[in-house]
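Residue numbers (this note's numbering), protein chains in the order written: chain A, 1 to 392; chain B, 393 to 682.
Even glycine gets a Cβ: it sits at the ideal position worked out from N, Cα and C.
One structure is given below, encoded as structure tokens.
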């Protein structure tokens, strides 16, 4: 090989190495096997142009579409003199990776609690007051009530049949493989029949807790209640909303209720401020992965339903919640008052989508409402309107 | 190295021959997957033709397509193999009745072949399509990881079976959840974007032959206008092909093309709220259609 060529190759190798290192610096993690793939691919099909090099690099080095932008930036700065027109790639939605549905699965990872909707809520000044909320410590009485709620929940939550069959003493289905396996052992003689059934498991639960100013005096108890639900049921997701939607499931996984609420105060910045239920629901439903948390779940909205401004978004959002979820239950502190009627424009519109509308303002009333859940789950869909018309 | 198409142009031509229009990125991904012997991991919005890559590639390579459709609760018995217990039992009874030797009931005769075992046992090389892996449980990914490492399956009663020729593997995901990094690390990753208008027109021409050139242009413009609306579900290529075919049927029945397009809109947009939104923007959406 002539000396000039060798020098050329060495420079190219340096350049590639620099590119790979700058990828790491810009946050695109490229494991060693992927680098090896990249170099091997270059050796197999030497790219004829920059575009060829781009695609070879992208296919071999990238593992997530979210990394595309930093990747393109790094590639452009190393191989292109000017940034080219970017191909538009639309993501379904940015979201936390992994299985948001299973609270336990996220425990190991250190995902920062994510608050959606920056930009949508921040620009409307006057309503949003960002402040750190403090929650009082739970007293002995509250802790007793929470224990009672945790004990009542497993029986109160609606269930669905699990997909996988489980061996059972007497099930509707004959476990033919097992029968045959045992028969093989006894020279083809069937001595005993084995059965399987589909066990019932609790449906996922989605709690949407209103922490806006109008709910100020109730939000501590409601978040404590959410803590009890997270502890008592296997698949629970909790979001708070005021002017923005915030996922607080991770925080509520802390076994101590006071510590959990304290860490919520760190991330829920819109507490005791304005209410935009419609926007919050749009944020929840506009994102495919968050929407999948609603599907088949028991959805409980803990809110007074006092929406600022136009209620259409809230009504539409509640309607979609009702369509996606297993049951949609609305617990409002206002409904504790015997004289309450859902006549505000917002609640009146939402009512037709609800399966139940009950009064919950503290742990006592929450416990009572939990005990009513089985009746709601057994009843017909969208029964709230009927119940409240009959009451009137 | 698999006997694959040589150059990118050649591969592109052969895919077009099967009526699949791939862009430069996908062609690179396929060539590298074949050359490096890596699985090809495809992500993208629903209906951009991820599964179709598997189907078409099998035809282009002249390989048998073995498809494993993933779903929640998919387990080894449905992905690998299962013993045919009733058949074993019958064989035992028959042997007993005849008074002959029972023989080995754990023979390949009594093995029910599921997709992964089929991919391993097939004498000719196959193309294994693992479709919608995001639907399967994450435990299944770990299992698949092991399988993709060495393409072998161990059956305790029979021993280890190894693929005579490693299969070409295409994995697709709709991205309803993030697939584990360990799996993606072993694959070549490609995100299939929605096609640019020119390529979509080519696709429409190939898949809906009855549509005239001007009509196809109007249709693709309308589809792109609809995709730019804030919809719950943006239509993919599959939907626009359906739309073109549906509208072509109506147009053949005597309806003028713009009317046929609007009548067949339900083939493109499949959500009531989205339909309402498209209708409210009908002016801009169908302006190109005239």
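Between the region 48-74 of chain A and chain B, which residues of the former have CB atoms less than 8 Å from a CB of the latter, in chain order?
51, 52, 55, 56, 58, 59, 60, 62, 63, 64, 65 and 68
With a 10 Å radius around its C-beta and 16 neighbouring C-beta atoms as the bar for buried, classify residue 500 of chain B as buried or exposed.
As a working mapping, residue 500 of chain B is identified with position 108 in the second chain. Burial call: exposed.
Among the candidates B/513, B/526, B/485 and B/451, whose CA atom is the shortest distance from the CA of residue 464 of chain B?
Within the second chain, numbered from 1, the residue matching residue 464 of chain B stands at position 72. That would be B/526, whose Cα lies nearest to the Cα of residue 464 of chain B.
Please decide whether residue 420 of chain B counts as near chain A, where near means a Cβ-Cβ distance under 8 Å.
Here residue 420 of chain B corresponds to residue number 28 of the second chain, with the count starting at 1. At least one chain A Cβ lies under 8 Å of residue 420 of chain B.
Over what stretch of residues does the alpha helix (DSSP H) that includes residue 54 of chain A continue unbroken?
Residue mapping note: residue 54 of chain A aligns to position 54 of the first chain, counting from 1. Residues 50-61.
Which of the three DSSP states, helix, strand or coil, is assigned to residue 125 of chain A?
In the first chain, the residue the question calls residue 125 of chain A occupies position 125. With a pLDDT of only 35 at residue 125 of chain A, under the threshold of 50, the placement of this residue in the model should not be trusted; the figure read from the coordinates follows. Three-state DSSP puts residue 125 of chain A in coil, outside helix and strand.
Give me the Cβ distance between residue 70 of chain A and residue 577 of chain B, rounded to the nearest whole Å; I'm assuming they're in contact under 8 Å.
Walking along the first chain from the start, residue 70 of chain A turns up at place 70. Walking along the second chain from the start, residue 577 of chain B turns up at place 185. Contact flag wrong, Cβ pair sits at about 18 Å.
Taking any Cβ of chain A, which residues in the region 477-496 of chain B have a Cβ under 8 Å from it, in chain order?
For the region 477-496 of chain B, which is checked against every Cβ of chain A, the residues closer than 8 Å are 477, 478, 480, 481, 484, 485 and 488.
Start and end of the beta strand (DSSP E) containing residue 581 of chain B?
In the second chain, residue 581 of chain B corresponds to position 189, counting from 1. First-last of the beta strand (DSSP E) with residue 581 of chain B: 580-584.
When DSSP builds the beta bridges, which residues end up paired with residue 166 of chain A?
Start at 1 with the first residue of the first chain, and residue 166 of chain A comes out as number 166. In DSSP, residue 166 of chain A forms a bridge with A/197.
Quick check: what's the CA-CA separation for residue 361 of chain A versus residue 329 of chain A?
Taking the first residue of the first chain as 1, we reach residue 361 of chain A at position 361. Taking the first residue of the first chain as 1, we reach residue 329 of chain A at position 329. Whole-angstrom Cα-Cα distance: 15 Å.
Counting only beta-carbon separations shorter than 8 Å, does residue 576 of chain B have a partner in chain A?
The count along the second chain starts at 1 and reaches residue 576 of chain B at position 184. It does: the Cβ of residue 576 of chain B has a partner Cβ on chain A nearer than 8 Å.
Any Cβ of chain A within less than 8 Å of the Cβ of residue 417 of chain B?
Counted from its first residue, the second chain places residue 417 of chain B at position 25. Chain A, which has a Cβ nearer than 8 Å to the Cβ of residue 417 of chain B, makes this yes.
Any idea what DSSP makes of residue 20 of chain A, helix, strand or coil?
Counting from 1 along the first chain, the entry for residue 20 of chain A is found at position 20. Correct three-state label for residue 20 of chain A: helix.
Three-state secondary structure (DSSP) at residue 402 of chain B?
Working through the second chain from its first residue, we reach residue 402 of chain B at position 10. Taken through DSSP and simplified to helix, strand or coil, residue 402 of chain B comes out as helix.
Please name the residue in B/613, B/636, B/658 and B/626 whose C-alpha comes closest to that of residue 675 of chain B.
As a first step, residue 675 of chain B is located in the second chain; it is residue number 283 there, counting from the start. Residue 675 of chain B has its Cα closest to that of B/613, out of B/613, B/636, B/658 and B/626.
Look at the alpha carbon of residue 304 of chain A and the alpha carbon of residue 210 of chain A, and state the distance between them as a whole number of angstroms.
In the first chain, residue 304 of chain A corresponds to position 304, counting from 1. In the first chain, residue 210 of chain A corresponds to position 210, counting from 1. Their Cα atoms are separated by approximately 8 Å.
For the region 148-182 of chain A, enumerate the residues whose C-beta is nearer than 9 Å to any C-beta of chain B, in chain order.
162, 163, 164, 176, 177, 178, 179, 180 and 181
Residue 14 of chain A: buried (16+ other C-beta within 10 angstroms of its C-beta) or exposed?
Taking the first residue of the first chain as position 1, residue 14 of chain A is located at position 14. Burial call: exposed.
Can you pull the chain A neighbours of residue 429 of chain B, defined as C-beta to C-beta under 9 Å?
The residue labelled residue 429 of chain B in the question sits at position 37 within the second chain. Per Cβ cutoff of 9 Å: no residues; residue 429 of chain B is ~10 Å from chain A at best.
DSSP state of residue 161 of chain A, grouped into three classes?
Working through the first chain from its first residue, we reach residue 161 of chain A at position 161. DSSP places residue 161 of chain A in strand when its eight states are reduced to three.
Given a cut-off of 8 Å on the beta-carbon distance, is the pair residue 512 of chain B and residue 554 of chain B in contact?
Numbered from its first residue, the second chain carries residue 512 of chain B at position 120. Numbered from its first residue, the second chain carries residue 554 of chain B at position 162. A contact, by the Cβ cut-off of 8 Å.
Tell me whether residue 494 of chain B sits in a helix, a strand or coil according to DSSP, three-state version.
The count along the second chain starts at 1 and reaches residue 494 of chain B at position 102. In this structure, residue 494 of chain B counts as coil in the three-state DSSP scheme.
Please go through the same chain and pick out, in chain order, the residues whose beta-carbon is closer than 7 Å to the beta-carbon of residue 374 of chain B, but skip the five residues on each side of it.
For chain B, the structure presents residues 393 to 682; residue 374 of chain B sits outside this window and is missing.
Can you list, in chain order, the residues of its chain with a C-beta nearer than 6 Å to that of residue 67 of chain A? Leave out the 5 residues immediately preceding and following it.
Walking along the first chain from the start, residue 67 of chain A turns up at place 67. Taken in chain order, the residues that qualify are 28.
Would you mind telling me which residues of chain A sit closer than 8 Å to residue 527 of chain B, beta carbon to beta carbon, in chain order?
Here the question's residue 527 of chain B lines up with position 135 in the second chain. Listed along the chain, the chain A residues whose CB falls inside 8 Å of the CB of residue 527 of chain B amount to none; the nearest CB is some 11 Å away.
Of all the options A/226, A/284 and A/262, which has the alpha carbon lying nearest to the alpha carbon of residue 245 of chain A?
Residue mapping note: residue 245 of chain A aligns to position 245 of the first chain, counting from 1. If we check each option's Cα against that of residue 245 of chain A, A/284 comes out closest.
Rounded to the nearest angstrom, what separates residue 344 of chain A and residue 334 of chain A at their Cα positions?
Here residue 344 of chain A refers to the residue found at position 344 of the first chain. Here residue 334 of chain A refers to the residue found at position 334 of the first chain. Between residue 344 of chain A and residue 334 of chain A, the C-alpha separation is close to 11 Å.
Would you list, in chain order, the members of the region 273-288 of chain A that have their beta-carbon closer than 9 Å to a beta-carbon of chain B?
285, 286 and 288
Residue 37 of chain A CB to nearest chain B CB: under 8 Å?
Taking the first residue of the first chain as position 1, residue 37 of chain A is located at position 37. So, interface residue.
Once you ignore the five residues that flank residue 441 of chain B on each side, which residues in its own chain have a CB closer than 6 Å to its CB?
Indexing the second chain from 1 puts residue 441 of chain B at position 49. Contacts found: 629.
Give the secondary structure of residue 460 of chain B by DSSP, where H, G and I count as helix, E and B as strand, and everything else as coil.
Taking the second chain and counting its residues from 1, the one referred to as residue 460 of chain B is at position 68. Looking at residue 460 of chain B - three-state DSSP - the assignment turns out to be strand.
For chain B, find out if any of its Cβ atoms is closer than 8 Å to the Cβ of residue 44 of chain A; answer yes or no.
Start at 1 with the first residue of the first chain, and residue 44 of chain A comes out as number 44. Judged by the 8 Å Cβ criterion, residue 44 of chain A is in contact with chain B.
Can you find the residues in the same chain that come closer than 6 Å, C-beta to C-beta, to residue 108 of chain A, ignoring five residues on each side of it along the sequence?
Sequence index remark: in the first chain, residue 108 of chain A carries index 108 (1-based). Model confidence at residue 108 of chain A stands at a pLDDT of 38, short of 50, so the residue's coordinates are unreliable and nothing is read from them.
What residues of chain B sit near residue 398 of chain A, judged by a beta carbon separation below 9 Å?
Lying outside 1 to 392, the shown extent of chain A, residue 398 of chain A is not represented and no answer is given.
At the level of alpha carbons, what is the spacing between residue 566 of chain B and residue 523 of chain B?
The residue labelled residue 566 of chain B in the question sits at position 174 within the second chain. The residue labelled residue 523 of chain B in the question sits at position 131 within the second chain. Going from the Cα of residue 566 of chain B to the Cα of residue 523 of chain B covers about 9 Å.
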